[in-house]
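Sequential numbering of the sequence shown, starting at 7, is according to this note's numbering.
A short worksheet on the structure shown next.
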Amino acid sequence: MVQTEGLNLNLVIDESYPGLMKKGIEYRFDGDLKSDYNIEIELDKKLYVTGVIEANRNIKSNKSLKAGENIRAGHSINISDGDIECGETIVAGVDIIAEGNIKASYCVEATGNIQSGKMIKSGWDMKAGVDIKAGMGIESREGIKAGRNIKAAQDIRADKRIEAGGDIEAGWGIRSVLCISCEGTLSAQYGIFAGVCTYKVIASDDSLLEANDRKIFCRKLISGDVLYGILVEREKGN
């Protein structure tokens with residue numbers, strides 16, 4: 007069903023949408039869902055799309071959404087009740103917001119905020135122009151980077167670097183295979199680990215740039231124990 011909204015045509019997916027199949031606890035659509043405007047999904051169960059889900063403006067769903075390939079929105083992606091998951095990359099021109107988990111086999115990228123009520127997990131890089139915030143943990147198999155703050159109620163973990171233009175805050179611990187760096191404060195309830203790299207030797211000579219990958223840079227450490235790595239607090243002029 008296509009809904010006319012002024013001069014804009016939105017792609018609306020409901021139970022009557024051609025090709026939509028009910029498969030047990032979810033709906034399935036074989037192929038791609040693409041719109042020059044918005045995609046609005048109004049179903050009573052999770053939707054699995056085997057191809058891509060792509061809108062030039064917004065993607066909105068009232069239940070969980072999964073794609074076999076990419077999920078892309080020119081503006082924002084909003085899942086009001088459930089998870090968003092894809093086999094490749096989730097990209098938004100503004101925000102990615104989900105009440106449940108946000109998971110991508112490749113990257114999770116937004117020029118605005120990435121916000122999840124549960125877990126945020128990416129197989130490659132995770133990048134936000136503003137904040138990354140999770141009601142549970144944040145985990146990346148590569149790097150995590152936010153223009154402003156990174157905050158998780160549980161662990162923050164990255165297999166490369168963790169970088170923030172503002173604060174980094176973890177309800178549990180923070181672990182980075184390379185360096186941790188933030189312009190603001192750093193806080194954790196438990197241990198903080200940086201430079202726990204097993205695939206290369208990190209230089210110990212401070213005159214070399216590579217030596218930074220064993221360091222933890224912040225304006226000030228508020229809480230948490232540095233169990234591995236070298237703390238550099240800029241507020242103290244180190």
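Here a beta-carbon is modelled for each residue, glycine too, at the ideal position from N, C-alpha and C.
Keeping to the same chain, check which residues put their C-beta closer than 6 Å to that of residue i; ignore five residues upstream and five downstream.
i	result
aspartate 231	Gly197
alanine 98	Ala79, Ser82, Ile83, Ala116
serine 67	Ile47, Ile85
alanine 194	Ala176, Gly179, Ile180, Gly230
threonine 153	Rather than threonine, the amino acid found at residue 153 in this sequence is glycine. Cβ neighbours of glycine 153 beyond the five flanking positions: Gly135, Val136, Gly171.
glycine 143	Met125, Ala158, Gln160, Asp161
By a C-beta neighbour count over all protein chains shown, 10 Å radius and 16 as the cutoff for buried, is residue i buried or exposed?
i	result
methionine 27	exposed
serine 128	buried
glycine 201	buried
serine 146	buried
aspartate 173	buried
aspartate 277	This structure cannot settle anything about residue 277, because the visible part of the chain is limited to 7 through 244.
Alpha carbon to alpha carbon, how far is residue i from residue j?
i	j	result
glutamate 115	glycine 88	19 Å
asparagine 155	leucine 233	23 Å
glutamate 148	cysteine 188	17 Å
valine 207	glutamate 216	9 Å
glycine 209	valine 183	For the record, residue 209 in the displayed sequence is alanine; it is not glycine. One C-alpha to the other measures close to 14 Å.
isoleucine 96	valine 136	16 Å
serine 122	glycine 93	18 Å
glutamate 239	asparagine 107	33 Å
isoleucine 77	leucine 15	19 Å
lysine 69	leucine 237	43 Å
lysine 139	alanine 164	15 Å
glycine 214	leucine 192	In the sequence on display, residue 214 carries leucine and not glycine. In a straight line, the C-alpha of leucine 214 is about 24 Å away from that of leucine 192.
leucine 71	asparagine 44	15 Å
isoleucine 90	glutamate 105	9 Å
What first and last residue would you give for the beta strand (DSSP E) that runs through residue i?
i	result
isoleucine 31	Isoleucine 31 -> no beta strand (DSSP E), and no H or E assigned at all.
tyrosine 196	191-200
leucine 53	52-55
glycine 143	First-last for glycine 143: undefined, no H or E at that position.
arginine 78	77-79
cysteine 224	221-224
alanine 98	96-98
lysine 206	Element bounds for lysine 206: n/a, residue is neither H nor E.
Tell me which residues share the same chain as residue i and place their Cβ nearer than 7 Å to its Cβ, disregarding the 5 neighbours each side in the sequence.
i	result
aspartate 211	Ala217
Skipping 5 residues on each side, what residues in its chain have a beta carbon closer than 8 Å to that of residue i?
i	result
glycine 25	Phe35, Asp36, Gly37
Can you give, in chain order, each stretch of the beta strand (DSSP E) that sits fully within the segment 128-188 and has at least 3 residues?
Those beta strand (DSSP E) runs which fall completely within the segment 128-188 and span 3+ residues are 132-134, 138-140, 144-146, 150-152, 156-158, 162-164, 168-170, 174-176, 180-182, 186-188.
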